[in-house]
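Per the working numbering, residue 14 is the first one in the sequence shown, and the count goes up by one each step. What follows is a set of notes on a single structure, which appears directly below.
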Amino acid sequence: MKAFMHRYLSPNSISGWIVTIVLTILILVPLMAVLMQIFFPGLFFGDNQFAGWEILFQIFERKLWSVSLINSLTLATGTAILGTILGGALAILRSSRSFKTAVALDFAAWALLILPSFILAQGWILFASGKGIANQLFSVTWITDLVFQPFGLIMIMTLCKFSYTYLAVTAALEWNVKRYGEAARLCGASNWTTFWTIHTPLLIPAFLSGAALIFMDTIGDFGLPASLAAVYSFPTLPYSIYTALYTAPIRFDMAGVLSLYLVGIIFIAMLFQMWVLKKGKFDFMNERAERQVAKKSRYSFLYTLVNIGFLLIALGIPIGSNLLVSFMKTIGNGISIGNFTLEHYRILFQLDSTMLEGLSNSLLIAGIAAVIGMIIGFFIGYVLIFTNFRLSPLVDSLSIISLAVPGVVLGIGYIFVWNQPWLEPLGLQLYGTPWILILASVAGAIPIAARLMISSMTKIPQSLLSAAALQGASFKERILTILIPLIRASLLTAGLTAFGTSVFDLAVSTILFPPGFMTLPVAINQAFDDLEYGYATAATIFSGTFVVLVIMGLRWMIEKWFNRKQTSKGEMKEHVITGSEHIEEL
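Written out as structure tokens, the structure reads:
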């Protein structure tokens, strides 16, 4: 009986089963509903006829499908490699060296992470097109050929997606264990050799997590490739899935086949990541760990200049183009004094503004989704790293599958699942209500939170929790007093990242937003569709800045509260030690 209780009713087992059930409901069931359309296209419409297996191999015969597959692999692989290198290098520089524009780099990373890809793409189009800002303002014509080609698209995606690796590596560099570096230097190693041979290999989980997030987010991204498709033909799997769902005749079977290949690619990438992590040992935390402090350098001025140049390209071009257009009456009239206006912002701040209504609704949904997604992501990391739960491979797979599947496909799956008549008597027919947006947003927040949690937990030895358990600490005490304080940076990053990305989730909002419940991405997208570029870009600039400031403010307040709490505990501990020593002397 005790063996049964320990195996199935222990806190670790209960955590594993709860996480598995939640992931199955939020991710697996909707995805299976979409994939079933491959062989039963009319299953949810009363037609159970089997369509056959031949459609699985048509991706190699149909030119659009095969080209979309090749383009997606090329784009995702190139972006993952370059984005990991760029994000990792910037994170190491930010954590190890002090320079004046370091905070601006943090701001840019958050801004690029939460701003919708279709808005960033629109900024690059406004800048690099034949009659764009680069040509009108700087008389630069070669920028068009540079941007609108495969490598140019990879570079744009790299500048948009590097934030995943930057945030993951920055969180992993929060703690510094000096004994390894000291041992290397005692053996004659230089600072440079010590860094590359000792510290960098210990960051492999963070680098792999960032690379995996970049790869999955890129291969499942719909906004940026779709926006660029207006001026440059580069079909990808998500874009082809979209055309299958929104062109006549509707091809649910085609969307299912392409979604199946997307999931398969991500599964292979996930297996590679797990294989690499199992090859090494990365739990380097010990009692001598100290918080990383950025050091001053004589090259700080050079770092500042390089960072400014990078920010002008990565954030200045797309956001600057949107900012400039937001003050222009019409793009066709060019850049002139008579073409500038504040009318778009005046309309934006009217009391009956659709944008303000959409912003408040999106903030509410994103806040709920971020808290729930952070909690689920935390327990996913705990189950995968610190338990021997038998379904851990399934948990790991489900935790990242939603990032592999485009939001359009996941939204269709939620319609199939949560629009069933038999759910109505149970009060669970959620389609057409804001709750379905919350569920879909939580599903989108889970993979980001889980990957960041896993990369942070891999550096914590199992012995810390085991020793606490031997001393009688309960499951709750081990979580609250040991695990959470050690990974608080990653926990905070995961929650704020989930919040920021949920605010501007265009695909899910477009598919699932209820009538009369406007969301910000839908409002902006509708303005673009109506060719109201000035109004749409004004809404983008205001809402993006507001959300980034909210994230930075929350981060500052939470860290200040935690540091104050830690300081008060330290003062209490010092007072107790001093008093004990005095009593012993007496």
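For every residue, glycine included, the Cβ atom is placed at its ideal position computed from N, Cα and C. All values derive from a computational prediction rather than experimental measurement.
Less than 8 Å between the C-beta atoms of residue i and residue j, yes or no?
i: GLY420; j: GLY457; result: yes
i: ILE571; j: LEU505; result: yes
i: ALA453; j: LEU423; result: yes
i: PHE228; j: ALA89; result: yes
i: VAL4; j: GLY508; result: Nothing can be reported for residue 4, as the shown portion of the chain is limited to 14 through 599.
i: LEU533; j: SER556; result: yes
i: LEU82; j: LEU250; result: yes
i: ILE146; j: SER339; result: no
i: SER130; j: ASP234; result: yes
i: SER26; j: PHE399; result: no
i: THR231; j: ALA327; result: no
i: ILE449; j: LEU441; result: no
i: THR514; j: ILE127; result: yes
i: PRO43; j: PHE488; result: no
i: ILE330; j: GLY136; result: yes
i: PHE646; j: PHE63; result: It is not possible to answer for residue 646, since the shown part of the chain is limited to 14 through 599.
i: TYR316; j: ARG491; result: no
i: MET341; j: PHE353; result: yes
i: LEU99; j: PHE175; result: yes
On a CA-only basis, which of the options is nearest residue i? Give me that one, please.
i: TRP66; options: LYS76, TRP155, PHE429 and MET49; result: MET49
i: THR367; options: ALA552, LEU99 and LEU250; result: ALA552
i: ALA382; options: ASN432, GLY426, PRO447 and TRP435; result: PRO447
i: LEU237; options: PHE140, ILE51, MET170 and TRP569; result: MET170
i: LEU150; options: PHE140, GLY322 and LEU355; result: PHE140
i: GLN71; options: SER108, VAL47, MET267 and TRP30; result: MET267
i: ILE321; options: ILE38, VAL116 and ARG464; result: VAL116
i: ILE51; options: ILE254, PHE314, ASN432 and ASN352; result: ILE254
i: ARG501; options: ALA122, PHE399, PRO163 and SER468; result: SER468
i: ALA181; options: LYS489, THR97 and CYS200; result: THR97
i: PRO218; options: MET466, TRP155 and THR400; result: MET466
i: ILE388; options: THR256, ASP230 and SER503; result: SER503
i: ILE31; options: SER405, ILE495 and ASN432; result: SER405
i: LEU86; options: ILE278, SER272 and LEU315; result: ILE278
i: ILE166; options: VAL153, GLY143, TRP155 and ALA134; result: Here the sequence assigns Leu to residue 166, which means Ile is not the residue at that position. The residue with the shortest Cα to Cα distance from LEU166 is ALA134.
i: SER142; options: THR157, ASN538, TYR312 and GLY371; result: THR157
i: ARG568; options: TRP123, SER28 and LYS309; result: TRP123
i: SER79; options: LYS144, TYR274, THR206 and TRP155; result: TYR274
Assuming residue i and residue j are in contact, meaning their beta carbons sit under 8 Å apart, how far apart are those beta carbons, in whole angstroms?
i: LEU216; j: ALA185; result: 6 Å
i: TYR179; j: LEU106; result: The Cβ separation is near 10 Å, so there is no contact.
i: MET470; j: GLY390; result: In fact, because the Cβ distance is near 11 Å, the residues do not count as touching under 8 Å.
i: TYR177; j: HIS357; result: The Cβ separation is near 32 Å, so there is no contact.
i: ALA511; j: ALA462; result: 5 Å
i: PRO12; j: ASN84; result: In the structure as shown, the chain begins at 14 and stops at 599. Residue 12 is therefore absent and cannot be evaluated.
i: VAL560; j: VAL516; result: 5 Å
i: ILE68; j: VAL270; result: 6 Å
Could you tell me which residues DSSP pairs with residue i in its beta bridges?
i: MET341; result: PHE353
i: ARG403; result: DSSP, once it has assigned bridges, lists no residue as partnering ARG403.
i: LYS309; result: SER111
Nearest-angstrom Cα distance between residue i and residue j?
i: ILE554; j: LEU125; result: 12 Å
i: LEU172; j: LEU439; result: 47 Å
i: ALA482; j: TRP574; result: 28 Å
i: PHE297; j: VAL535; result: Low local confidence applies: a pLDDT of 49 at PHE297 is under 50, so the model's placement there is unreliable, and no value is given.
i: THR591; j: ILE497; result: Note on THR591: pLDDT 46, under 50, position unreliable in the model; no value is reported.
i: LEU377; j: MET283; result: 32 Å
i: ILE524; j: VAL455; result: 16 Å
i: ALA46; j: ILE564; result: 35 Å
i: THR33; j: LEU41; result: 10 Å
i: SER222; j: LEU407; result: 18 Å
i: PHE530; j: LEU369; result: 12 Å
i: SER108; j: ILE459; result: 27 Å
i: ARG359; j: THR550; result: 13 Å
i: ALA540; j: ASN576; result: 44 Å
i: LYS113; j: ALA121; result: 14 Å
i: LEU77; j: VAL244; result: 18 Å
i: THR260; j: TYR252; result: 12 Å
i: PHE429; j: GLY101; result: 40 Å
i: ARG264; j: THR256; result: 9 Å
i: LEU562; j: LEU372; result: 14 Å
i: TYR546; j: LEU361; result: 13 Å
i: PHE392; j: THR37; result: 15 Å
i: GLY445; j: GLU437; result: 12 Å
i: THR343; j: GLY351; result: 11 Å
i: LEU629; j: GLN484; result: Any question about residue 629 goes unanswered here, given that the chain covers just 14 to 599.
i: VAL480; j: PHE220; result: Note on residue identity: the sequence assigns Ala, not Val, to residue 480. Cα to Cα, ALA480 sits roughly 29 Å from PHE220.
When the cut-off is 8 Å and only beta carbons count, does residue i lie next to chain B?
i: SER246; result: The question asks about chain B, but that chain is absent: this structure has only one protein chain.
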